[in-house]
Amino acid sequence: MHKKQPNVQGLSFEKSFGLLLDQEWTYRHDRLDRLVHNAHKIVSSPTVQCQGR
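Residues 1020 to 1072 in this note's numbering are what the sequence shown spells out, letter by letter.
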């Protein structure tokens, strides 16, 4: 799903750079949340078996 991109042509460099940083931070935070959520699902799955050496 694509989000609508804001019109940043009229913004100052600082404002548009700030929006870019916010977008990157949100992407990384959401990705981390997904990874942690999926890891919890794998760990709590009854089919997962640890193989010792």
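For every residue, glycine included, the Cβ atom is placed at its ideal position computed from N, Cα and C.
This one's a predicted model, so the numbers in the text were calculated from it and none came from an experiment.
For residue 1063, which three-state DSSP category applies?
The residue given as residue 1063 occupies position 44 in the sequence shown. If DSSP states are grouped into helix, strand and coil, residue 1063 belongs with the helices.
Quick one: what does DSSP say residue 1031 is sitting in, helix, strand or coil?
Here residue 1031 refers to the residue found at position 12 when the sequence shown is read from its first residue. It is coil, neither helix nor strand.
Closer than 8 Å, CB to CB, is residue 1034 near chain B or not?
Among the chains of the structure shown, chain B does not appear; only one protein chain is present.
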